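Student:
There are 2 protein chains.
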Amino acid sequence: MDPGNLTKINRWKLLLFLLVSSGLQTVRGLWPLPQSISRSSERFSLQPDAFYFTYGEHSAAKYGCSILDEAFKRYFPLIFPDYFHKPSFHPRPVQDPSFTVVVSVDRDDCQGYPGEDSSERYNLSVSESYATLNAESVWGALRGLETFSQLVYQDNSGTYYVNKTDIQDFPRFPFRGILLDTSRHYLPLQTIFKTLDGMAYSKFNVFHWHIVDDPSFPYQSRTFPDLSSKGAYHPSTHVYTQEDVQRVISYAQLRGIRVLPEFDSPGHTLSWGKGQPDLLTPCYRGGSPSGTFGPVNPSLSSTYEFMYKMFKEVSQVFPDSYIHLGGDEVNFSCWKSNPDVRAFMGKMGFGSDFTQLEAFYMETIMNITIALNRTAIVWQDVFDYHEKIPQSTVLHIWKGLPPAYHDELARMTKAGMRVILAAPWYINHISYGQDWRNYYSVQPLNFTGTEEQKKLVIGGEVCMWGEYIDATNLTPRLWPRGCAAAERLWSDEKQTTSVDKAFPRLNEFRCMLLRRGIQAEPLFTGHCKQERPMQALSPEAHGLQKNNRPQEETGRNFHPLAACTIWTNLKS
Amino acid sequence: MDPGNLTKINRWKLLLFLLVSSGLQTVRGLWPLPQSISRSSERFSLQPDAFYFTYGEHSAAKYGCSILDEAFKRYFPLIFPDYFHKPSFHPRPVQDPSFTVVVSVDRDDCQGYPGEDSSERYNLSVSESYATLNAESVWGALRGLETFSQLVYQDNSGTYYVNKTDIQDFPRFPFRGILLDTSRHYLPLQTIFKTLDGMAYSKFNVFHWHIVDDPSFPYQSRTFPDLSSKGAYHPSTHVYTQEDVQRVISYAQLRGIRVLPEFDSPGHTLSWGKGQPDLLTPCYRGGSPSGTFGPVNPSLSSTYEFMYKMFKEVSQVFPDSYIHLGGDEVNFSCWKSNPDVRAFMGKMGFGSDFTQLEAFYMETIMNITIALNRTAIVWQDVFDYHEKIPQSTVLHIWKGLPPAYHDELARMTKAGMRVILAAPWYINHISYGQDWRNYYSVQPLNFTGTEEQKKLVIGGEVCMWGEYIDATNLTPRLWPRGCAAAERLWSDEKQTTSVDKAFPRLNEFRCMLLRRGIQAEPLFTGHCKQERPMQALSPEAHGLQKNNRPQEETGRNFHPLAACTIWTNLKS
């Protein structure tokens with residue numbers, strides 16, 4: 018045992034002691050677990066009327082920094098859930114018994130968009146009268162505000178408390194994503210916003226928007242409006258307009274969440290064909306076209322012209338530095354049946370190896386993406402068939418159980434490629450009982466490889482494919498099951514090995530989600546102290562969000578009376 | 018092939034022809050499939066402003082029959098979902114182009130409560146200008162109104178239509194139940210009401226209220242108030258008051274649904290012990306009490322006095338002719354450890370056969386139930402251990418897969434006992450994909466036995482046990498999966514053998530549920546025409562049910578303007 022380890026173990030023992038000594042009630046709700054936390058049993062009461070957020074004297078961001086100003090407004094009612102007054106904003110701390118959260122960031126990235134290199138590190142120190150929250154960037158400050166909100170609790174009389182606490186925290190992986198599939202079922206904006214709320218609460222930072230696929234094309238393109246007018250389930254009610262997309266991006270950005278668009282091709286594109294003639298490959302039967310269509314036609318130059326225009330638009334609409342190109346599950350039978358495709362194969366010297374054709378297509382659109390100054394992500398299939406792909410590309414593992422995905426991780430990182438792991442978190446698959454335990458027990462770096470290789474694993478993703486999912490069941494199916502991956506991707510794996518120890522903390526976090534209006538399903542038999550009001554009357558029900566707008570747009574328009582009615586009529 | 022069969026086959030072919038010829042759109046939503054239906058392609062438009070319900074001249078029930086009057090009010094907005102005026106009620110048909118549904122029943126059971134012998138048979142005939150709905154009882158008329166509401170559809174312009182139709186219908190089984198478990202998780206009244214709505218739409222007729230169990234005792238007893246004040250999760254927010262129970266019973270009664278209370282004992286009673294000292298058996302370890310408790314203590318006379326008073330109250334509070342006594346999963350280890358129980362065993366001559374003790378206990382409370390003029394239902398365990406139980410008792414099968422439950426059906430009916438089958442419909446168990454297909458394929462009478470034996474199978478039940486279920490996920494998990502059992506228990510099995518043929522019809526029915534405010538999850542990839550408004554804005558959201566009261570209590574208080582807002586702001 019080396020001295021470094023000894024120090025770690027002592028620190029860990031101290032942490033355990035502090036966790037136990039500070040009382041379970043105040044510990045359980047913290048999710049994901051911070052990298053380092055010390056908390057004493059000394060506690061300070063908080064008065065909502067004398068609670069303030071402010072910027073530190075030396076903070077690069079000041080009042081007017083919309084990302085943090087908006088966060089202060091959001092977190093006030095989250096910290097004081099049954100106090101419905103406007104949040105107070107004061108430029109500097111005031112006299113006792115006030116409590117002020119002093120936020121300082123090193124960089125003024127208030128107008129920025131979160132990216133792959135954004136720092137999410139923060140230090141949070143809670144003392145009497147004030148807390149200091151220091152971060153390199155506004156994104157780290159957002160994570161710290163979330164943590165602070167989880168530290169506050171109420172005793173039985175309803176008084177709010179926070180314990181003396183010191184936290185140093187940062188994410189284990191920079192990429193912590195959730196995929197929603199809006200093609201198999203259309204998801205209303207409210208459902209997407211609600212998911213982004215839950216993501217912010219559990220510190221996910223990438224919304225992977227699998228926006229189109231075979232069944233429908235809901236993205237309303239400005240370059241190719243026919244794609245949605247002919248390819249969506251309904252041309253006006255089941256589409257995402259440009260304005261809708263911007264609202265999603267803004268909503269996510271304010272929460273430090275990137276929006277990663279996926280336009281999957283050349284397979285999974287049936288819906289594209291309805292609005293874009295000649296894009297898909299006509300399948301042949303017995304020497305003539307059968308009337309059905311296969312993947313995108315890789316033998317026509319018009320295909321690449323279309324794709325260039327399409328991805329140019331995507332790169333203009335979505336500010337993220339990544340674009341997901343799909344590339345999974347390409348069925349060759351239609352290509353094989355088509356004489357023009359076969360002729361092209363011959364011309365290119367591919368023989369009868371259709372993986373070469375697939376690689377040719379994917380290489381071209383990856384190059385388009387690079388030319389548009391974007392990083393391409395592709396599903397693992399592209400690597401499996403074609404190991405020489407641009408080094409900047411990020412690979413996305415979706416197949417198999419361990420050791421299959423561990424072997425794939427080893428192969429990909431050995432080739433020097435960056436990787437995102439989704440395979441163990443296909444959360445749309447359900448089974449009876451506490452399957453979150455399986456999601457929690459995943460060990461993303463448990464593969465054979467050097468330290469350098471392991472650094473190439475940039476994160477993981479929870480996938481909620483949409484065959485059996487729409488707005489009716491998404492939220493309870495995603496939460497709290499998805500939280501298991503949230504902790505695995507954020508927290509220190511050594512500190513979070515025990516599923517049983519995680520259980521009560523996750524249970525409390527789930528109750529907090531419920532109290533915040535996320536209809537997270539129960540982990541097991543039991544109840545939450547504050548479950549009834551939120552369940553009997555959703556935020557929509559008491560008029561806070563009647564107009565179907567995201568929360569920050571109504572942030573200044575609380576109706577204190579309407580809201581108070583909920584809490585005085587618990588039992589109706 | 019006998020002539021009877023031939024006739025059946027011809028009738029079936031005719032039915033198929035009619036189904037096909039009348040256009041898919043208008044057929045699909047009917048669920049469960051009526052016993053006999055003939056429908057022509059001739060259709061009549063309906064004008065909400067000139068649509069009336071009335072009683073037939075010779076109907077035994079007249080205006081003032083609250084069960085039907087209330088049903089007319091409920092069905093008007095269900096038939097015309099985007100027309101938010103008050104329903105019209107006229108004593109007799111008026112002039113063209115009006116449409117009148119003329120309802121006649123043979124018996125004035127308007128003040129009645131549905132029972133095991135209630136007729137649910139009805140005949141419905143739709144012609145130009147009017148429909149006649151004839152039934153023996155108001156309960157049959159309710160089923161016919163539901164069917165009529167499912168016959169009405171809208172074309173793309175929004176005009177309402179109904180086709181010329183003749184239906185003769187009756188249920189295959191008289192007992193078609195859904196079990197909710199309000200002990201493992203407390204379910205708010207709104208969640209129970211919503212379930213009763215879904216039950217009425219799919220013609221379930223028994224709400225089996227598994228109201229208490231080990232984890233909590235939410236029933237607020239007037240005789241033993243400590244049971245809930247000490248045994249509920251929370252003594253005021255997580256209880257069902259006497260008024261709550263009456264509201265559930267009334268809500269169900271108005272929909273022709275019986276409320277069957279279950280107070281499960283002697284096992285599954287941990288929560289009872291908190292408010293009733295000496296009721297549970299103290300478990301012993303090493304010669305002294307361990308501090309833990311087991312099943313109800315069957316060796317004390319105070320136990321039977323308590324049970325008599327408890328079930329007397331239950332029989333006064335719940336009007337149903339059945340009381341469910343539980344009797345499942347009794348663990349003998351605690352009884353075995355207790356010297357008083359062992360002494361009682363000796364005194365009774367039971368030796369070391371604890372099943373005799375269990376039988377003694379169950380026999381006593383079954384006799385109490387009979388003395389209270391109620392039919393007892395018990396889980397199959399009681400029969401398995403003790404074949405000689407009162408002949409009036411109904412047995413409830415919950416264990417095993419076929420052929421296990423088919424064998425049990427054979428044994429029980431051979432003993433002349435009436436049986437309810439729940440084993441194949443434990444719907445809280447989930448798996449990925451379309452598991453409703455399994456629930457649909459159940460053949461309840463596919464066991465070896467005489468015709469007389471088969472008549473003893475009085476029905477089946479969908480069980481939604483509450484370990485992983487609360488208000489957050491109950492509705493999408495119950496619907497439309499539970500509908501599979503609804504059709505199996507109502508419709509002719511020969512006409513409903515094909516799961517694939519049922520699929521599009523169930524899919525449309527699910528869309529109708531969604532439109533009616535039941536958040537039924539999708540069967541597969543796709544969309545519903547009218548899904549968006551109901552999902553984006555729940556009934557609560559537009560102020561129709563702000564006060565958390567059941568629908569009929571606000572039936573006369575529609576807010577047409579508030580409601581209209583929904584439909585003019587589809588895309589917000």
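Residue numbers (our numbering), protein chains in the order written: chain A, 18 to 589; chain B, 18 to 589. Glycine included, C-beta positions come from ideal geometry on N, C-alpha and C. Since the structure is predicted, the reported quantities are computational estimates derived from the model, not experimental observations.
(1) Mind checking K364 (chain B): buried by the 16 CB within 10 Å criterion, or exposed?
(2) Quick check on DSSP: helix, strand or coil for G368 (chain A)?
(3) In the DSSP output, what is K147 (chain A) paired with across the bridge?
(4) Going straight from the alpha carbon of C127 (chain A) to that of I382 (chain A), what length do you get?
(5) Measuring straight from C-alpha to C-alpha, what distance separates N355 (chain B) and S307 (chain B)?
(6) Can you check the segment 392–448 of chain B for any alpha helix (DSSP H) of at least 4 residues that lies completely inside it and give the ranges in chain order?
(7) Going by the beta-carbon positions, is the gap between F224 (chain A) and L277 (chain A) smaller than 8 angstroms?
(8) Taking only three categories from DSSP, how would you classify C500 (chain B)?
(9) Spatial neighbours of W507 (chain A) within its chain, please: C-beta separation below 7 angstroms, excluding the five flanking residues on both sides.
(10) Report the residues of the segment 443–455 of chain B with a CB closer than 9 angstroms to any CB of chain A, ordered along the chain.
(11) Report the rounded CA-to-CA distance for V347 (chain B) versus Y177 (chain A), giving the unit in angstroms.
(12) Considering Cα atoms alone, identify which of A:F210, A:Q536, A:V411, A:V256 is closest to I228 (chain A).
(13) Check the Cβ-Cβ distances between Q536 (chain B) and every residue of chain A, and say whether any is below 8 angstroms.
(14) When you compare only the Cα positions, how much space is there between F280 (chain A) and D230 (chain A)?
(15) Starting from K518 (chain B), trace the beta strand (DSSP E) in both directions and tell me its first and last residue.
(16) Of all the options B:T542, B:D66, B:E484, which has the alpha carbon lying nearest to the alpha carbon of D233 (chain B)?
(17) Run through DSSP, which three-state label would N564 (chain B) get?
(18) Can the beta-carbon of N490 (chain B) be found closer than 8 angstroms to that of E538 (chain A)?
(19) Report yes or no: is there a C-beta of chain A within less than 8 angstroms of the C-beta of N490 (chain B)?
(20) What are the partner residues of W226 (chain B), as DSSP defines its beta bridges?
(21) For the alpha helix (DSSP H) that C351 (chain A) lies in, which residues bound it at each end?
(22) Do you know how far the Cα of E478 (chain B) is from the Cα of W442 (chain B)?
(23) Thinking C-beta only, is L197 (chain A) closer than 8 angstroms to L206 (chain A)?
(24) Rounded to whole angstroms, what is the Cα-Cα separation between F210 (chain B) and R272 (chain B)?
(25) Determine the chain A residues that contact T199 (chain B) at a beta-carbon separation under 9 angstroms, and present them in chain order.
(26) Tell me, to the nearest whole angstrom, how far the beta carbon of W396 (chain B) is from that of G343 (chain B); I am working on the premise that it is less than 8 angstroms.
(27) Starting from the C-beta of V262 (chain B), find all residues in its chain whose C-beta is less than 7 angstroms away, skip the five residues before and the five after it, and write them out in chain order.
(28) For F541 (chain A), return the contacting residues in chain B, with the cut-off set at a CB-CB distance below 9 angstroms.
(29) Going by other Cβ atoms of all chains shown within 10 Å of its Cβ, with 16 needed for buried, is S76 (chain B) buried or exposed?
(30) Is the segment 178–187 of chain B in contact with the segment 148–167 of chain B, if contact means three or more CB pairs nearer than 8 angstroms?
(31) Could you have a look at E468 (chain A) and say whether DSSP puts it in helix, strand or coil?
(32) Are any of the Cβ atoms in chain A nearer than 8 angstroms to that of H544 (chain B)?
(33) Rounded to whole angstroms, what is the Cα-Cα separation between L438 (chain A) and G215 (chain B)?
(34) Please list, in chain order, all residues of the same chain as S555 (chain B) whose beta carbon is under 7 angstroms from its beta carbon, the five residues on each side excluded.
(35) From F89 (chain B) to A152 (chain B), what does the alpha carbon distance come to, in whole angstroms?
(36) Measuring CB atoms only, is the segment 119–137 of chain B touching the segment 68–85 of chain B, in the sense that at least three cross pairs come out at less than 8 angstroms?
Tutor: According to the data block:
(1) exposed
(2) coil
(3) Before going further, note that residue 147 (chain A) is Tyr rather than Lys in the sequence given. Paired residue(s): A:T117.
(4) 33 angstroms
(5) 10 angstroms
(6) 397–402, 421–431
(7) yes
(8) helix
(9) P49, P188, R189, R193, K220
(10) N445, H446, I447, S448, Y449, G450, Q451
(11) 45 angstroms
(12) A:V256
(13) yes
(14) 8 angstroms
(15) Per DSSP, K518 (chain B) belongs to no beta strand (DSSP E); it is in the alpha helix (DSSP H), 516–532.
(16) Note on identity: in this sequence residue 233 (chain B) is Ser, with Asp being the wrong assignment. Checking every option, the nearest Cα to that of S233 (chain B) belongs to B:E484.
(17) Caution applies to N564 (chain B), whose pLDDT of 32 falls short of 50 and renders its modelled position unreliable; the value that the coordinates give is listed next. N564 (chain B): coil per DSSP, three-state reduction.
(18) yes
(19) yes
(20) B:L197, B:P278
(21) 350–354
(22) 7 angstroms
(23) no
(24) 11 angstroms
(25) Those do not exist, as T199 (chain B) stays about 11 angstroms from chain A at its closest Cβ, beyond 9 angstroms.
(26) 6 angstroms
(27) V334
(28) R201, E484, Y485
(29) buried
(30) yes
(31) helix
(32) yes
(33) 41 angstroms
(34) At S555 (chain B), the pLDDT of 39 sits below 50, so the modelled position is not reliable and the matter cannot be decided from this model.
(35) 15 angstroms
(36) yes
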